[in-house]
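Chains as they are written, first to last, in the working numbering: chain A, 234 to 448; chain B, 2 to 495. Using N, Cα and C, we set each Cβ at its ideal position, and we do this for glycine too.
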């Protein structure tokens, strides 16, 4: 039972990453990120129950409240104030992007077999999904133009790292995880403020316009 | 309370006081006295280490060994220098009506916060805390890069933050994988992530997981250090950041990132032998030096020139660490020390030239600055002589040491390429600065430029130059002892 929930929610995270690749409306992309964070929290709770690791409850609660609610709410407010709702045509069109992401998933799964837990069991799936999500996040990062989408890609990479951490070690020591969550929150705030300033000056959050500096 | 904790608390308090309003004079006094006290405490902590054993706090999450003590002294020194110069920088801009209340608050809050983060990196023994501290340095410096709020500064800040966060994402994954490679042998609590514990259990770490973790961590922290090919944020950020923040990035951040790289490298060498991470560092280092060559030769902007010089120097340090052994490690740490003393002079003199001409582009500054701003021009020439590694100054000797260690070992090919690149870099850098400073004065320029006046900036620059020249010939004995202690941590353990 626990294993099924684990695999299901981890796979759900991968699905949200794929949906983000196929998505142009910024609000939907932010909601997808929120859903992904909730799924990460479910993975955390499941492992906490199955392996009796009470400190994972704290991590899961933190994930759900910060990354599932607070950060999406903040990003939506930023988008709302800026008044730009859609991603422009990415550097690569959606079908081609999805094909590449498929390839990345295969790579992620292949790498995950090298880990000691990787040969058998659920951990293999969790790590494989984590690595694939990480690669898709990186791919989003390099192909998208809007500042908000780049932030979402960064956050997806970060979620993927947490998923890998859960799959491979059942979580880092609590103090360190608290510090990391706090830092991520701070980073999103700083990014949001910077986006505001960029939009104020350029009247656009198209990152491809930031191209004066060369050489 | 021990001096180590005070060393961290004082800059934090200074930042808190600096970020609220208040009379200008008072805020300036708080900033300088706070940073001076911090530097004093860094020295005291290092002295306490030299007098006894490693200092530990919170389950050894914070720990001062030889390497950390050296970092504390170097970063504390740069913090103080940047703070004092920064006050002069703000005053100058204020005279021209460029400083808003927001800017003053940001500056007085962020500079000490940045110094705090750098010092926290320097003493972190827990690799989780280490990651958190490096992230803090990034967040503290973003708004310093965006300080002037120009189009280009926002672009530079965005690139800096996105690339830096991506690098830190990699470093986080690397940290997770390092932790995982121990397969639960490290235990549960916070102490499980202690570097010292990793070194103790090194032989039993799982090789595949460890290798993957080391690659991710080195690439991640390498991004912060500005190793090629993850160096692209550096020229933009250096050009846009105000000179005092530029110095903190070029010296403090560079030292801190090299510190992280060293810690990861040491775990990897203890478990897998020095070849794996050493080889990776050798190739990244050599690539950095080679990337710097063309960009220095064709450079069009003074501060970007300094950025590529900084990419070159971090490359040299990486090569020194990669060559390894006691000689390579000693060369790299000595190089870091000399670089710490020399780089501020270059930044301060370049900063004055840029402020006088309201731009750091060679074309706008115009040739023949010697006639318009003689003191800064002479200082820039002096800095060029020192940081390009001319004898008789220290960087020449540290570079020779790395080269000799390289030729003695199996890396003769890499070392000969490095030697050739260093010669070209010397010529390129000297050519660029020489053309700028000594070139013929364009006739119509002279009147529009405000002449150089002896203010706080210039005073700090001269003081930094005096220190750099003295340090280039003679490092005080306690400092040499610290470098040797750090070398023991890096190279002597095995």
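Taking a Cβ-Cβ cut-off of 9 Å, residue 399 (chain B) has no neighbours in chain A, whose nearest Cβ is about 29 Å from it. Around the C-beta of residue 259 (chain B), 16 or more other C-beta atoms lie within 10 Å, and the residue is accordingly described as buried.
When CB distances to chain A are screened at a threshold of 8 Å, the residues of the region 123 to 134 of chain B falling below it are 127, 129, 130, 132, 133, in chain order. Nearest CB-CB separation between residue 386 (chain B) and chain A: not below the 7 Å threshold. Interface annotation, residue 57 (chain B): not in contact with chain A, CB-CB separation never under 7 Å.
Residue contact check for residue 202 (chain B) against chain A: no CB pair falls below 7 Å. As a beta-bridge residue in DSSP terms, residue 127 (chain B) pairs with B:195. By the Cβ rule, the region 211 to 231 of chain B does not count as touching the region 103 to 120 of chain B, because fewer than three pairs are nearer than 8 Å. Within 8 Å of the CB of residue 189 (chain B), the CB atoms of chain A belong to 406, in sequence order along the chain. By the C-beta density criterion, residue 27 (chain B) is exposed, having fewer than 16 other C-beta atoms within 10 angstroms. In chain order, 175, 178, 179, 182 place their CB closer than 7 Å to the CB of residue 214 (chain B), counting only its own chain and leaving out the 5 sequence neighbours on each side. Runs of alpha helix (DSSP H) with 4 or more residues, each lying fully within the region 228 to 263 of chain B, are found at 234 to 241, 244 to 248, listed in chain order.
Residues of the region 160 to 181 of chain B whose Cβ lies closer than 9 Å to any Cβ of chain A, in chain order: 160, 162, 163, 166, 167, 169, 170, 171, 173, 174, 176, 177, 178, 180, 181. Considering only B:171, B:194, B:167, the residue with the shortest C-alpha distance to residue 410 (chain A) is B:194. Of the residues assessed, residue 147 (chain B) falls on the buried side of the cut-off, its CB having 16 or more other CB atoms within 10 angstroms.
Here residue 371 (chain B) is not near residue 466 (chain B), since their CB atoms are 7 Å or more apart.
The Cβ atoms of residue 203 (chain B) and residue 272 (chain B) sit closer than 7 Å to each other.
In the DSSP assignment, residue 56 (chain B) falls within the unbroken beta strand (DSSP E) covering 56 to 58. Looking only at B:360, B:454, B:341, B:327, the smallest Cα-Cα distance to residue 409 (chain B) is reached by B:327. Residues are counted here when their Cβ sits less than 9 Å from a Cβ of chain A; for the region 145 to 156 of chain B these are 147, 150, 151, 152, 153, 155, 156, given in chain order. Bounds of the beta strand (DSSP E) holding residue 64 (chain B) are 63 to 65. The beta-carbon distance between residue 46 (chain B) and residue 61 (chain B), rounded to whole angstroms, is 15 Å. This is too long to meet the 8 Å contact definition. DSSP places residue 151 (chain B) in the coil class of the three-state scheme, outside both helix and strand. Listed in chain order, the non-local C-beta contacts of residue 348 (chain A) below 7 Å within the same chain comprise 360, 401, local neighbours out to five positions each way being set aside.
Contact of residue 210 (chain B) with chain A is assigned, a C-beta pair being separated by under 7 Å.
Counting along the chain, the unbroken alpha helix (DSSP H) around residue 271 (chain A) starts and ends at 259 to 284.
A direct Cα-to-Cα measurement between residue 56 (chain B) and residue 185 (chain B) gives close to 27 Å. At a C-beta separation below 9 Å, residue 226 (chain B) has no neighbours in chain A, since its nearest C-beta there lies roughly 19 Å away. When secondary structure is reduced to three states using DSSP, residue 344 (chain B) falls in the helix class.
About 5 Å separates the Cβ atoms of residue 124 (chain B) and residue 63 (chain B), confirming a contact at the 8 Å cut-off. Under the Cβ criterion of 7 Å, residue 143 (chain B) is counted among the residues facing chain A. Straight-line measurement puts the Cα of residue 4 (chain B) at about 9 Å from the Cα of residue 44 (chain B). A contact is defined here as three or more CB-CB pairs under 8 Å, and the region 281 to 294 of chain B fails this definition with respect to the region 361 to 379 of chain B.
Among the residues of chain B, none has a CB under 8 Å from the CB of residue 287 (chain A); the nearest is roughly 11 Å distant. Annotation for residue 16 (chain B): 110, 113, 114 place their beta carbon closer than 6 Å to its own, counting only its chain and skipping 5 residues before and after.
By the neighbour-count criterion, in which a residue is buried when 16 or more other Cβ atoms sit within 10 angstroms of its Cβ, residue 159 (chain B) is buried.
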